[in-house]
Amino acid sequence: MAPFSTECFLRDIKHADKDLRLMALFDLRRCLPSADENGITSDVVNKVLLCLSPEERCEEVQNEAANVLPEMVVKCSQRDVIFQFLLSSITERCILNDSDDTNLQYLSGMTFKNCCLEFASEARRSVAFWQKQIDMVRHLCVGCATQLEIDGLQDTAREILYTAVNTLVPAYKEALGERDVLIKRAVRDFQKTNSIRHASLTLIESLLALVRAATQESVVAESLKLLVTATSSEEYVAYLQLCEVEMRALRSPPMPVVQQVIDSACEHLAHVTKQNDEGDDSTEMLLEVVCSLVQIHSSGKASSWRGTFAAVKDLVTFDSYASGTEEDAYANDVGYDDDYDEYYINDNGTSNSSWKLRMWTIRVLQALVAQHDDKELGMQSLSVAATTLQDHVQAVQLEAVKLVRTVASRSYVHDADCVALITSCCHRLCNLIGGEDDKATMSLIKALVDIFESLADAPSFCESTVPLLLNQVRAHFSTVAASAAAVEGCRCIVESVIQARGDGESLSSETVSLAKELSALCLCGGNLSAMAACITKASDTLAQVYKATRDACVSTVLGNNYGALLENRSFPAACRAAAAESLASWAAAQGLSTLEKPAAALWRALDCDEVKLPVLRALSIMASSSESSASVPTSVLEKVAALAESGSASVRAASVDVLLRRLTAPNTPPLAAPFLQHLMTLFAPGHPLSLSSCELAEVSSLALLIAQLFQHRTEKAVPFYGTYFVGLWEHVARMADAVLWSRSLMNPALNSLTELVGTVYEHESESRLTIEDGVRQFLVSNQLHIPCICMVVRCVSAGSASAVSAFLRTISPQLVERAHLLLCVGEAGQATGLGADWSALVLDSVQSKEGELVRSCGERSFSLCMLHPGNTESILMPCGERAADGGTAGRYYYVKSIKEAATLALSRHRTVFHDAAVSKPLLFLFLQSSVGADLVELYGACTGLLSVFLFDAERSLMIADALFETEASLDTRVTCMVALRYFLSALAERSANVEIYRPTVLRALLQLHRPTDTKESTEPSLLLRSMALRLLTTVLQHSPHWLLCEATRTSIFPNLLTELREDAKLQGTFDLSGYTHRVDRGLECRKLAFESLSAVFRAARHHNVDLVEYCEAEKSVVSMLIMACSSHGSGDRESSINDTAKDLLVRFVESKPEFVFTPPQLDSLVAKLSHDIKWGASLTDSPKTTLLYTIKCLMKLSSQPVFMNHEGFQEVAEVARKSPLLAQSLKL
C-alpha cells in the first residue's frame, strides 16, 4: 500500500472530478491511524474543512470529510482550527428556505459531536494527550458557553452544543472553568423546547456536584420555583424531573428541599387522580419521581412517611375500567429478570394502563418501608400488599410480593401481628406458584426464600406455609423442575427451617416431604446444565434431614432418583457427575445399606467415557470412608486397576487415588491376596506404572500407593526393593534434570519417595545395605542439588534410628561442602534422635566461621532437628538456654533458629513443640530473660509462637500475665507486647477462635500512651509504644471490630493521633564542622503510627469498621494529615511521612466526600501543596518523589467539589496538570 503523499492530496482535493476528491479523502483517512501529529499540515486540514463548506457542492465529498474529521482531530496539531470551524458552521444562521445550508449545518453538527466524542475518548486513553489539550478544551467550552448565551441561537444548534459539552465534561470536569456559567444557562434552557431538555438536563446532572455551593443553592432554588409556579401538568412533570435529577446529583442533598419536592409531587398527584383526566398521563411519571426521591430521603422524623403514604395508598386499587381483559393482555408481555427487579412492559398507548399506576404505587411503598424502620408503616403496607396480591395483573402482584419481602427484612418482622399478616400474604404467594409464566414462579419462590430466612423460627408461620408450598410444588411439579433457581429456592427454604429448628425439636412431616421432593425435582430437571449445583446442594440438605429424622425413606428417595439421573445418558455430563459424587458422599457418610441399586448404577457408570473421571472421584470418596470402603466390590476395583494401567493421565491419576484411598481406609478389612498380587504386578519394571518409567507428576501418588501395597503384601519371598526399585534413582535424576531441579516440582515427589523407601528400609532388613548404597550414590552424584534432594536421608533415619549415625559417617567424606552434610543431618534429625556427636555439630554450626553458607545451612539443620522429641534434651533445650542467656555469644542465631523451628512446627500436626511439657518450660525460660532493642522483635516472636502451642493446654496466657505484672520490667513488657502480636497472627492464620483474648489485647493497647508531663522523658517508653502500634495494626487487620468500644474512643485512638505528631523531646541536632546533622529518635514510632492509621482506613473499606467515624475524629484526623503532608508550616520533616499523609488524605476524602473542610484547613493544605510542588522542581531523588506524590494528591483531590471550587487550590492543581511527571505520578 502506497504511503500517503501530502502533495498528491493537495493536488487531487482541488480537482474538478469529485471521484478524485473522494479518493484523496479516502487515502487521508486510511493513513490517519498511524499518522504523526506533525505529519498533517495546515494545508491538509484547511482543504478538508473546505470540503465541509458551501464551496463543496458534492454531498458524497461532504460526508466523507465529515468521516475524516473525527479521526483527524486527535492526530493533527490544528484541532483548535477544526473545532472553531465546526462551531462557527453550527451557530451561523441559515438562509431561509435554503435546504443545502440546512443539511450542511446538520452535517457539521453531527461532525462536531463525533469530534468531541473521539477527542474525549482519546483523552481518557492517554494522560499525555489529556494534559496537552487542557487549554484547548477550556477555550472550546468557553466558545460553547458564549454561543449558548446568545438568545437567538437556534434550538438545533443549542442541542448540539450541549451534547458536545456533555461529551467533554467526564474527561475534563475538574479542569473546566465555565461550570457555573454553563449550569445556570442549562437551567434556563431547560424551560425552552423539549428538543433540548434532555441535553441540558444531562449537563445539569454532570456539573451540579462540581460547582460552588452558592451556585448549587441558586440552581436548586430556581428549579424549585419553576416547579411551584408551573402552570400546566406537562410543565410540572418536566420541572419535577429537573428537581429529581438535581437532588440525585448532589452528594448531600438538602433534606428539607427533598421533602418539599415530595410533598409537592404528592399534592399534585392527589389533584391529578381526583380529576381523573384521561388526557393527562402524568400520574405514572409522578409516582416514578416520588419513588426516586423517597429512596434518597433520610429524614430524622419517624412520621415523615405518613404524608407520602396517604397520597399514594388509594392508588393501589385504582382501575379506570371494570374489565381487565386488556390489562391482562399487556401483563402477559411482562418480562422478569432473575432478581425480579425490573419489568419491561409494552404498551401501544391505546389500552387501559392503570395497572402501571398500581405497580408504581407499590414501588413507592417499597421505598418507604426500606427507608423507615417503622412497624406501623410495615403493618399498613402488608395490608396493602394483601389486597394487591389479588390484582388481576401479574406485574402488580409481583411488586406486591417484593413489598412483602421488604417488610420481612425489617427489625419488627417478629412481632406477632406482623407475623400473622406476612403468613396470610405468603399463603397467597404459594397459591400464585405454577402460573403460565415460569419466570414469575421463580420470582415467587425467591421471595419465599427471603421470607423464610427471616421467619423460619416462627412456628405458626412454618406450620401453615410449608404445607401450602408442598402442595403447590406437587401440583406444578414440571414447572418448578424446569427452573434450577426455583429448585434451589425450595432447597433453601428447607435448609432455613432446619437451621431455625431448636435443639431437640423435630422436623414437621411436611418439611421432610418437601425435602424428599428435591431429588425428584433434580431428576425431572436433569436435562439442564444449571441443575448440577442444585443436585449437590440438595444432597447435602437431605443429609441434614436424614440426620434430624433418621428416616430411611429419605435415603431411598435420594438413591433412586440420583441413580436414575446418573444412568440417563441424555442428561448433561455435569449433572450426572454431580449425582455420582452426591451418591458417593451419602454412602461415605451413611453406608451403602440403603443404596444398593444406585451403587450398581455407579459401578456401571465406569464404562461411560463422559462421566468416567467424576465417577472415579466419587469412588475415591467412598473408598476413603470406613462406612463404605469395604462395600466397593473387588470387580469394581479391578476395573479401576485396569484404568490405572491403560487410561489417560488424568484417569490414571484418579484411578491410583481410588486404590490408595481403599488401602488406607480406616477400620476396613484388607483386600483379597490375589487382587493385591495383581496390583503389585502393575508396578514392576517395564509396566507404565513402574517408578523407573513414570512421569514426575505421578511419582508422588504412585510412591504412596506402592508403600501401602508393600505393607499389605502377602508374598515376601522375593526382595521388594530389588524388584520394584530397579533404576529408580537414575530415573529420578533424569526427571529432575528435565525440570532443572525445581524444588516446587521435585519436593512432592521426593517426599513421597522418601516415605516409601523409609517404609521398605524399616521392614525389609535384608535390603538396607542396598538402600543405603542407592541413597548415598544419589546424594553424592548430585551434590549441586543437595538442597533439593537431601530429604531422602530421612528414609534411613526413619527406618532405623540406630543406622543413621553410621550412614551419616559414610556420606560425610564424600560430600564436598560441609554445609551439605549439615542439611543431611537436619533431615535425619527431624525423623529421629541424633547422637551426641551430631547434636554437637548442629549446635556449634550456627556460630561457624567457615562462611555464610555453612551458618545458614546450620540454622536450617538446627531448626529441623528441634522438631523431633528425641532431640529435646540434646538440641532444643540447650538452644533455648543459650537463646535466653544474655551473655551467650551469637545469641541472635539461637533465637532465630528456635523461631524458625516453631514456625515449621505450626504447619505440622505433631512435633515436640506440641508437647506442653516441653513448650511451657521453654516459654518460661524466655520470659525470665530480657533482650535489647536490636533483638526484641525476634525474641518476642519466639515467645509468641511458643504461646500458640499452649493454646489448648493452658487456660491463662503466660505472656499476658507477664505483660500486666506490676513489677515487670520495661524490657519484659516490650517482649510480651511483640509476643502478643505474633500469637494473634498465628492463631488468625489457623482460623482459631481468638475472641476470648479481646480484653487482653485491649488492655495491652492501653499502654500506647505518650507521657504528657513536660518534665518526663518520652524516650524510655518509645519502644513499648512502637510495639503497641504494631499490635494495633495487627488487630486492625484481623479483628477490627474489637476496637468498637469505649476504650478506643477515650484512649486508644486519641493516643494514636498523638503518635502522629513529632516529639520535640526526641529530636536534636549535631554540629559536624559546619554541617548540622538532625537526629529524630521518634521517627520509626511515627512511621508505625501512620501505618496504623492506614490500617484504620483499610478496616473501614474491607471490614466496614470505621474507627474515625466511631470516634467522631474526622476533624482531628484531617488536621493531623494536613499538618503531616508537608514540612512547610511546621509540618513533619520526614519526606516519607509527608508522602504517606498525602495518600491517606486522598483516601479519606474519597471515602468521605461529604466532609466539610474549614477555610483554615483548606488554606493550610493549599500552602503546603504549593510549597511541595515548587520544592520538587529540582527533580533530584527525594524532591522528585515528593513532587510525584504531590501531583498525585492534587489530581485526586481536584476532582472533589470542595477543592474544585477553591481558587487557591485550583492554581496549584493547574501546575500539577501541566507537569511533565503527571503520567508517572498517577502510576504510584
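Numbering follows the UniProt record's numbering, with no gaps: position 639 of the sequence shown is 639. In this text, a Cβ means the ideal position worked out from N, Cα and C, and glycines have one as well.
Rounded C-alpha distance that separates H139 from L148: Distance between the alpha carbons of H139 and L148 is about 14 Å.
Separation of A484 from D609, as counted between CA atoms: Taking the straight line from one Cα to the other gives about 26 Å.
DSSP three-state assignment for F1157, whether helix, strand or coil: F1157: coil per DSSP, three-state reduction.
Paired residues, beta bridge with R1078 - DSSP: Under DSSP, the beta-bridge partners assigned to R1078 are T1069.
Minimum C-alpha distance to R363 - residue among V413, F309, E376, S353: It is F309 whose Cα lies nearest to the Cα of R363.
C-alpha distance - Q783 paired with E1059, whole-angstrom precision: Cα to Cα, the separation comes out at about 54 Å.
Rounded C-alpha distance that separates L876 from M866: One Cα belongs to L876, the other to M866, and the distance between them is close to 5 Å.
N- and C-terminal bounds of the alpha helix (DSSP H) containing F9: Unbroken alpha helix (DSSP H) run through F9: 6 to 12.
Nearest-angstrom beta carbon gap, T1018 and K1065 [assumed within contact, 8 Å]: Confirmed, Cβ separation roughly 5 Å.
Alpha helix (DSSP H) runs contained entirely in the region 604 to 661, provided each spans 4 or more residues: Qualifying alpha helix (DSSP H) stretches, in chain order: 612 to 623, 634 to 646.
N-terminal and C-terminal residue of the alpha helix (DSSP H) that Y106 is part of: It spans 99 to 125 - the alpha helix (DSSP H) in which Y106 sits, taken as one unbroken run.
Close Cβ partners of L49 (< 6 Å) along its chain, the five nearest in sequence each way excluded: Closer than 6 Å at Cβ, skipping near neighbours: F85.
7 Å Cβ cutoff met for R662 and S629: Yes; because the gap between Cβ atoms is below 7 Å, this pair is in contact.
Euclidean distance between Cα positions of S282 and M1123: Each residue's Cα considered, the two are about 55 Å apart.
Three or more C-beta pairs below 8 Å linking the region 386 to 404 and the region 359 to 376: A contact exists between the region 386 to 404 and the region 359 to 376.
E284 - containing alpha helix (DSSP H), residue span: Annotation for E284: the continuous alpha helix (DSSP H) segment containing it runs 283 to 296.
Where L140 falls: helix, strand or coil (DSSP): It is helical.
Cβ neighbour criterion (16 or more within 10 Å) applied to P459: Looking at its Cβ environment, which holds fewer than 16 other Cβ atoms inside 10 Å, P459 is exposed.
F862 and F913 closer than 7 Å at C-beta: No, the Cβ-Cβ distance between F862 and F913 is not below 7 Å.
R1003 versus G1082 - alpha carbon distance: For the pair R1003 and G1082, the Cα-to-Cα distance works out to about 24 Å.
With 16 other Cβ atoms within 10 Å as the buried cut-off, status of P3: P3 is classed as exposed because its beta carbon has fewer than 16 other beta carbons within 10 Å across all chains shown.
Completely contained alpha helix (DSSP H) runs for the region 158 to 203, where each covers 4 or more residues: The qualifying runs are 179 to 190.
Backbone CA spacing between L168 and I134 [nearest angstrom]: Take the alpha-carbon of L168 and the one of I134: they are about 11 Å apart.
Rounded separation between E217 and D180 - CA only: Annotation: E217 to D180 spans about 12 Å, alpha carbon to alpha carbon.
Backbone secondary structure at L1221 - three-state DSSP: L1221 carries a coil assignment under DSSP once its states are collapsed to helix, strand and coil.
K75 - containing alpha helix (DSSP H), residue span: Counting along the chain, K75 falls outside any alpha helix (DSSP H), and DSSP gives it neither H nor E.
Same chain only: Cβ atoms within 6 Å of A736, ignoring 5 sequence neighbours per side: Cβ neighbours of A736 beyond the five flanking positions: M746.
G826 vs R794 beta-carbon contact at 7 Å: Not in contact: G826 and R794 (Cβ atoms no closer than 7 Å).
Run of the alpha helix (DSSP H) containing F983, from where it starts to where it stops: Element bounds for F983: 970 to 989.
A641 Cβ short of 6 Å to the ligand MG heavy atom set: In the structure on display, the ligand MG does not appear, and there are no ligands present to speak of.
Environment of D391 [buried if 16+ CB atoms lie within 10 Å]: Classification of D391: buried, given that the 10 Å Cβ count is 16 or more.
Own chain partners of H427 with C-beta closer than 8 Å, once the 5 adjacent residues on each side are dropped: The residues are S464, T465, L468.
Nearest to A684 (by Cα), restricted to the options P666, V718, A564: Minimum Cα distance to A684 is reached at V718.
CB of L25 within 7 Å of CB of K75, strictly: When the beta-carbon positions are compared, L25 and K75 stay at least 7 Å from each other.
Anticipated Cβ contact below 8 Å, L963 with C976, distance rounded: Going by Cβ atoms, the distance from L963 to C976 rounds to 4 Å, so yes, they are a contact pair.
Helix, strand or coil at M359 according to DSSP, with G and I counted as helix: Here DSSP, grouped into helix, strand and coil, assigns M359 to helix.
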